[in-house]
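Asker: Supplied in C-alpha cells, the structure appears directly below.
There are 2 protein chains.
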Amino acid sequence: MTTASTPMQEAERPLRKDAARNRELILETAAEVFAEQGLEAGYDEIARRAGIGVGTVYRRFPERSELVQALFETRIDEMVAVGEEAAAIPDAWDGLTWFFEKSVEKQVADRGLKEVMVQTLSESGHMTVGRERIGPIVESLMQRAQADGALRKDVEVTDLGMQLMLIGSLSTPEQPDLWRRYLALLFDALRARPGITPLPLEAPPDEAMHMLMCNLQGRRT
Amino acid sequence: MTTASTPMQEAERPLRKDAARNRELILETAAEVFAEQGLEAGYDEIARRAGIGVGTVYRRFPERSELVQALFETRIDEMVAVGEEAAAIPDAWDGLTWFFEKSVEKQVADRGLKEVMVQTLSESGHMTVGRERIGPIVESLMQRAQADGALRKDVEVTDLGMQLMLIGSLSTPEQPDLWRRYLALLFDALRARPGITPLPLEAPPDEAMHMLMCNLQGRRT
DNA sequence: AGTGAAACGGAAGAGACTTTCCACTTACTG
DNA sequence: CAGTAAGTGGAAAGTCTCTTCCGTTTCACT
Numbered sequence: 001m002t003t004a005s006t007p008m009q010e011a012e013r014p015l016r017k018d019a020a021r022n023r024e025l026i027l028e029t030a031a032e033v034f035a036e037q038g039l040e041a042g043y044d045e046i047a048r049r050a051g052i053g054v055g056t057v058y059r060r061f062p063e064r065s066e067l068v069q070a071l072f073e074t075r076i077d078e079m080v081a082v083g084e085e086a087a088a089i090p091d092a093w094d095g096l097t098w099f100f101e102k103s104v105e106k107q108v109a110d111r112g113l114k115e116v117m118v119q120t121l122s123e124s125g126h127m128t129v130g131r132e133r134i135g136p137i138v139e140s141l142m143q144r145a146q147a148d149g150a151l152r153k154d155v156e157v158t159d160l161g162m163q164l165m166l167i168g169s170l171s172t173p174e175q176p177d178l179w180r181r182y183l184a185l186l187f188d189a190l191r192a193r194p195g196i197t198p199l200p201l202e203a204p205p206d207e208a209m210h211m212l213m214c215n216l217q218g219r220r221t
Numbered sequence: 001m002t003t004a005s006t007p008m009q010e011a012e013r014p015l016r017k018d019a020a021r022n023r024e025l026i027l028e029t030a031a032e033v034f035a036e037q038g039l040e041a042g043y044d045e046i047a048r049r050a051g052i053g054v055g056t057v058y059r060r061f062p063e064r065s066e067l068v069q070a071l072f073e074t075r076i077d078e079m080v081a082v083g084e085e086a087a088a089i090p091d092a093w094d095g096l097t098w099f100f101e102k103s104v105e106k107q108v109a110d111r112g113l114k115e116v117m118v119q120t121l122s123e124s125g126h127m128t129v130g131r132e133r134i135g136p137i138v139e140s141l142m143q144r145a146q147a148d149g150a151l152r153k154d155v156e157v158t159d160l161g162m163q164l165m166l167i168g169s170l171s172t173p174e175q176p177d178l179w180r181r182y183l184a185l186l187f188d189a190l191r192a193r194p195g196i197t198p199l200p201l202e203a204p205p206d207e208a209m210h211m212l213m214c215n216l217q218g219r220r221t
C-alpha cells in the first residue's frame with residue numbers, strides 16, 4: 001500500500017473519478033464517525049458506513065494521521081474566514097476577542113473538529129499549513145490590539161495559540177457554554193493595564209507548538 | 001480473574017507476602033514504564049521489567065484504570081503535604097500561588113504523575129479520593145486569599161482545579177519552565193482588583209470535573 | 001510436618017485492528 | 001474500440017494486546 005493520498009500526489013497525477021469519489025466519501029464519513037466516536041474509531045466502521053471496502057480506506061489513508069490531516073485541511077478555510085471577519089471589526093480588541101469566541105464556538109459545536117485540530121497540531125510535520133495560513137491572521141489581529149493599547153505587549157501568537165486550543169476543552173454537556181467563563185478569565189489576563197508585571201520567560205517558538213500539543217494529549221514525542 | 005486489587009479487598013483479607021511484594025513491584029515498575037512510555041505502555045513491558053509473569057500483572061490489576069488509580073493514590077499524600085505547607089505561609093496570596101507552583105512543578109518533573117492524574121481525574125468513580133482530600137485544602141487556601149482581598153471573589157475551587165491540570169501541559173523539553181509564563185498569566189487573571197468584571201456563568205460543580213478531564217483528553221464519555 | 005488454598009509463570013487462545021493479496025471492475029489513452 | 005493501468009472488495013494473514021488456563025510453587029494455618 002503505497003498510494004497515500006497527499007495533496008502533492010494529487011497535484012502530480014489526478015485520481016480517477018471513482019477513486020476521487022471514494023476519497024470524498026471517506027472524508028465525509030470519517031468526519032461523521034469521528035464526531036460520534038472520537039478519533040480512535042475503527043476504519044471498519046468508516047468503511048461499512050461509507051459502503052466501500054476496508055482495504056480501500058486503508059489504501060487511501062494508510063495512516064490515521066493522514067486521514068486526520070486531510071480533515072484538518074477542510075477546516076482551515078473556515079478558520080481563515082473567521083479571522084478575516086474579525087479583522088473587519090473596527091475595534092481591535094473586539095475583533096481579537098470575537099475571533100477567539102467564534103473559534104472556540106466552532107470547536108465546541110463540532111467535536112470532530114476539536115479533536116482533529118488537537119491531533120493535527122501535535123504532528124509536527126502537519127501543522128505547517130495551519131501555521132502559515134492562520135498564524136499571520138492571528139498575528140495581525142494581535143498587533144492591531146497591541147497598537148491600540150488594549151492587548152498587553154508581552155504576549156505573542158504562540159502564547160495565544162495554546163490557550164485557544166485549551167479553552168475548547170472547558171465545557172461539559174451540562175454546561176456547554178462553560179468555556180465562556182474561562183475565556184473571560186483569559187481576556188482579563190490579556191487586557192493591558194498600567195503597572196502590569198511582564199510575563200516571565202520568552203514565548204515559545206512556532207516549532208514548539210506540536211510539542212505542547214503532545215503534552216496536552218499526554219503522548220510521547 | 002476476579003482478584004482485583006482494591007483497598008477494600010485488602011482491608012478484608014491481607015495479601016500473602018509474595019503477592020504483596022509483587023503488587024509493590026508492579027506499582028514501582030509501572031510508574032517507571034509509564035513515565036518513559038506513557039500510560040499506554042504494554043503490560044508485557046511492565047511484567048518483563050519487574051521480572052514477573054504477565055498473567056500476574058493482569059491478575060493483580062485487571063483493568064489499566066485500576067493500576068493508574070493505585071498509582072494516583074500513592075501521589076495524593078505528596079499533594080496533601082504541599083497543601084499543608086502552603087497553608088503555613090503567612091501571606092494568603094503567596095500561599096495559594098506557592099501551592100500552584102509546587103503542584104505544577106511536581107507534575108512537570110514527573111511525567112508519570114501528570115498522566116496518572118489526568119487519567120484518574122477523568123474516571124468519575126475514581127476521583128472521589130482526590131476530591132475529598134485535596135479539595136478542602138485548595139478551598140481553604142482560596143478562602144484565605146479571598147478574605148485578604150487578594151483573590152477575586154468570583155472564582156471557586158473547580159475553576160482552579162482545571163487550570164491546575166492544564167498548566168502542567170504547557171512546557172516542552174526545550175523550555176521546561178514555560179509553564180511558569182502561563183501560570184503568571186493566570187495569576188494576573190486571578191488577582192482581585194477594583195472594577196473587575198465578574199466572570200460569566202457559574203463555576204462547574206464538583207461532579208463536572210471528570211467530564212472536563214475527558215474533554216481535555218478528547219475522549220468519549 | 002502436613003495440608004489446603006492462594007498465587008505463580010507463561011503458553012495457548014481470543015479479540016480486534018492493520019496489512020496483504022488477487023481476481024475482478026473501472027477509467028483513461030492512443 | 002482495445003489495451004493497459006489504476007482502483008476495487010473483502011477474505012486471509014499478520015500483529016499486538018488481553019484473557020484463560022493448568023501444572024507448579026509458595027504461603028499460612030493447624
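Line order of the protein sequences matches chains A and B. Position one of the first sequence corresponds to residue 1 (UniProt numbering), numbered consecutively onward. Position one of the second sequence corresponds to residue 1 (UniProt numbering), numbered consecutively onward. Here a beta-carbon is modelled for each residue, glycine too, at the ideal position from N, C-alpha and C.
In whole angstroms, what is the alpha-carbon distance linking residue 95 of chain A and residue 177 of chain A?
Answerer: For the purposes of this step, residue 95 of chain A is taken as the residue at position 95 of the first sequence. For the purposes of this step, residue 177 of chain A is taken as the residue at position 177 of the first sequence. Going from the Cα of residue 95 of chain A to the Cα of residue 177 of chain A covers about 20 Å.
Asker: Please state if the CB of residue 183 of chain B and the CB of residue 196 of chain B are separated by a distance shorter than 8 Å.
Answerer: Within the second sequence, numbered from 1, the residue matching residue 196 of chain B stands at position 196. Within the second sequence, numbered from 1, the residue matching residue 183 of chain B stands at position 183. Cβ atoms of residue 196 of chain B and residue 183 of chain B: not closer than 8 Å.
Asker: Where do the N-terminal and C-terminal ends of the alpha helix (DSSP H) with residue 156 of chain A fall, by residue?
Answerer: Position 156 of the first sequence, counted from the start, is the residue given in the question as residue 156 of chain A. Careful: residue 156 of chain A lies outside any alpha helix (DSSP H) and carries neither H nor E.
Asker: Just to confirm before moving on: does the CB-CB distance between residue 148 of chain A and residue 198 of chain A stay below 8 Å?
Answerer: Reading the first sequence from its first residue, position 148 is the one you call residue 148 of chain A. Reading the first sequence from its first residue, position 198 is the one you call residue 198 of chain A. No, the Cβ-Cβ distance between residue 148 of chain A and residue 198 of chain A is not below 8 Å.
Asker: Taking C-beta to C-beta, are residue 150 of chain B and residue 98 of chain B nearer than 8 Å?
Answerer: As a position in the second sequence, residue 150 of chain B is number 150, starting the count at 1. As a position in the second sequence, residue 98 of chain B is number 98, starting the count at 1. Cβ atoms of residue 150 of chain B and residue 98 of chain B: not closer than 8 Å.
Asker: Can residue 75 of chain A and residue 113 of chain A be called in contact, C-beta distance under 8 Å?
Answerer: Numbered from 1 along the first sequence, position 75 holds the residue referred to as residue 75 of chain A. Numbered from 1 along the first sequence, position 113 holds the residue referred to as residue 113 of chain A. Yes, the pair counts as a contact, with Cβ atoms nearer than the cut-off.
Asker: Anything in chain A within Cβ reach of residue 162 of chain B, meaning under 7 Å, just list it in chain order.
Answerer: Here residue 162 of chain B corresponds to residue number 162 of the second sequence, with the count starting at 1. The contacting residues are 170.
Asker: Take residue 22 of chain B as the anchor and find which of B/84, B/59, B/207 and B/135 has the nearest alpha-carbon.
Answerer: Locating residue 22 of chain B in the second sequence gives position 22, where the first residue counts as 1. Of B/84, B/59, B/207 and B/135, the residue nearest in Cα terms is B/59.
Asker: Since residue 191 of chain B sits in a beta bridge, which residues does DSSP pair it with?
Answerer: Taking the second sequence and counting its residues from 1, one reaches residue 191 of chain B at position 191. DSSP output for residue 191 of chain B lists B/151 as bridge partner(s).
Asker: For the region 172-183 of chain A, which residues have a CB atom closer than 8 Å to at least one CB atom of chain B, in sequence order?
Answerer: Taking 8 Å as the Cβ-Cβ cut-off against chain B, the residues of the region 172-183 of chain A that qualify are 172, 173, 174, 175, 177, 178, 180, 181 and 182.
Asker: Roughly how many angstroms separate the alpha carbons of residue 111 of chain B and residue 169 of chain A, rounded to a whole number?
Answerer: Position 111 of the second sequence, counted from the start, is the residue given in the question as residue 111 of chain B. Position 169 of the first sequence, counted from the start, is the residue given in the question as residue 169 of chain A. Computed Cα separation, rounded: 21 Å.
Asker: Who are the near neighbours of residue 52 of chain B in its chain, counting only those whose CB is closer than 6 Å to its CB and skipping five residues on each side?
Answerer: As a position in the second sequence, residue 52 of chain B is number 52, starting the count at 1. Same-chain partners within the cutoff: 22.
Asker: Could you work out which residues of chain B lie near residue 194 of chain A, taking near to mean beta carbons separated by less than 7 Å?
Answerer: Position 194 of the first sequence, counted from the start, is the residue given in the question as residue 194 of chain A. Per Cβ cutoff of 7 Å: no residues; residue 194 of chain A is ~11 Å from chain B at best.
Asker: Considering residue 49 of chain B, what are the terminal residues of the alpha helix (DSSP H) in which it resides?
Answerer: Locating residue 49 of chain B in the second sequence gives position 49, counting from the first residue. Segment 43-50, the alpha helix (DSSP H) holding residue 49 of chain B.
Asker: If the criterion is Cβ atoms closer than 8 Å, does the pair residue 236 of chain A and residue 200 of chain B meet it?
Answerer: In the structure as shown, chain A begins at 1 and stops at 221. Residue 236 of chain A is therefore absent and cannot be evaluated.
Asker: Apart from the five residues on each side of it in sequence, which residues of its chain come closer than 7 Å, Cβ to Cβ, to residue 49 of chain B?
Answerer: Working through the second sequence from its first residue, we reach residue 49 of chain B at position 49. If we look at residue 49 of chain B and ignore the five residues flanking it on each side, its Cβ neighbours are 29 and 33.
Asker: Run through DSSP, which three-state label would residue 88 of chain A get?
Answerer: Here the question's residue 88 of chain A lines up with position 88 in the first sequence. Residue 88 of chain A falls in the coil class under three-state DSSP.
Asker: Going by beta carbon distance, what residues of the same chain come within less than 6 Å of residue 15 of chain B, once the five residues before and after it are set aside?
Answerer: The count along the second sequence starts at 1 and reaches residue 15 of chain B at position 15. Hits under 6 Å: none found.
Asker: With a threshold of 16 other CB atoms inside 10 Å of the CB of residue 204 of chain A, please say whether the residue is buried or exposed.
Answerer: As a position in the first sequence, residue 204 of chain A is number 204, starting the count at 1. Looking at its Cβ environment, which holds 16 or more other Cβ atoms inside 10 Å, residue 204 of chain A is buried.
Asker: Do residue 61 of chain A and residue 47 of chain A have their CB atoms nearer than 8 Å?
Answerer: Here residue 61 of chain A refers to the residue found at position 61 when the first sequence is read from its first residue. Here residue 47 of chain A refers to the residue found at position 47 when the first sequence is read from its first residue. Their beta carbons are not under 8 Å apart, which means residue 61 of chain A does not touch residue 47 of chain A by this criterion.
Asker: According to the Cβ coordinates, are residue 208 of chain A and residue 175 of chain B closer than 8 Å?
Answerer: Walking along the first sequence from the start, residue 208 of chain A turns up at place 208. Walking along the second sequence from the start, residue 175 of chain B turns up at place 175. Going by C-beta atoms, residue 208 of chain A is nearer than 8 Å to residue 175 of chain B.
Asker: Assuming residue 189 of chain B and residue 186 of chain A make a contact with CB atoms under 8 Å, what is their CB distance in whole Å?
Answerer: Residue mapping note: residue 189 of chain B aligns to position 189 of the second sequence, counting from 1. Residue mapping note: residue 186 of chain A aligns to position 186 of the first sequence, counting from 1. Contact flag correct, Cβ pair sits at about 7 Å.
Asker: If you count every other CB in all the chains shown that lies within 10 Å of the CB of residue 55 of chain A, and 16 or more means buried, which is it?
Answerer: Reading the first sequence from its first residue, position 55 is the one you call residue 55 of chain A. Counting the other Cβ atoms within 10 Å of the Cβ of residue 55 of chain A gives fewer than 16, which makes it exposed.
Asker: Specify the secondary structure class of residue 72 of chain B as computed by DSSP and reduced to three states.
Answerer: Against the second sequence, residue 72 of chain B aligns to sequence position 72. In the structure shown, residue 72 of chain B sits in a helix (DSSP, three-state: H, G or I).
Asker: Three-state secondary structure (DSSP) at residue 171 of chain A?
Answerer: One-based indexing of the first sequence puts residue 171 of chain A at position 171. Correct three-state label for residue 171 of chain A: coil.
Asker: Give me the Cα-Cα distance between residue 43 of chain A and residue 68 of chain A, rounded to the nearest whole angstrom.
Answerer: As a first step, residue 43 of chain A is located in the first sequence; it is residue number 43 there, counting from the start. As a first step, residue 68 of chain A is located in the first sequence; it is residue number 68 there, counting from the start. The alpha-carbon atoms of residue 43 of chain A and residue 68 of chain A are separated by roughly 12 Å.
Asker: Alpha carbon to alpha carbon, how far is residue 118 of chain A from residue 2 of chain A? Give it in angstroms, no decimals.
Answerer: Here residue 2 of chain A refers to the residue found at position 2 when the first sequence is read from its first residue. Here residue 118 of chain A refers to the residue found at position 118 when the first sequence is read from its first residue. Only weak support is given to the placement of residue 2 of chain A: the predicted model assigns it a pLDDT of 34, under 50, and the value that follows is read from those uncertain coordinates. Rounded to the nearest angstrom, the two C-alpha atoms are 26 Å apart.
Asker: Show which residues of chain B have a CB atom less than 7 Å away from the CB atom of residue 71 of chain A.
Answerer: Working through the first sequence from its first residue, we reach residue 71 of chain A at position 71. Close partners of residue 71 of chain A in chain B (Cβ separation under 7 Å) are lacking, with about 14 Å as the shortest Cβ gap.
Asker: Assign residue 28 of chain A to one of three DSSP states: helix, strand, or coil.
Answerer: The residue you call residue 28 of chain A lines up with position 28 of the first sequence. Three-state DSSP puts residue 28 of chain A in a helix.
Asker: Using the Cα positions of residue 65 of chain B and residue 90 of chain A, report the straight-line distance between them to the nearest angstrom.
Answerer: In the second sequence, counting from the first residue as 1, residue 65 of chain B sits at position 65. In the first sequence, counting from the first residue as 1, residue 90 of chain A sits at position 90. The alpha-carbon atoms of residue 65 of chain B and residue 90 of chain A are separated by roughly 51 Å.
Asker: Between residue 72 of chain B and residue 138 of chain B, is the Cβ-Cβ spacing less than 8 Å?
Answerer: Position 72 of the second sequence, counted from the start, is the residue given in the question as residue 72 of chain B. Position 138 of the second sequence, counted from the start, is the residue given in the question as residue 138 of chain B. Contact flag unset, no.
Asker: Run down chain B in chain order and give the residues with a C-beta less than 8 Å from the C-beta of residue 189 of chain A.
Answerer: Counting from one through the first sequence, the residue named residue 189 of chain A turns up at place 189. In chain order: 185, 186, 188 and 189.
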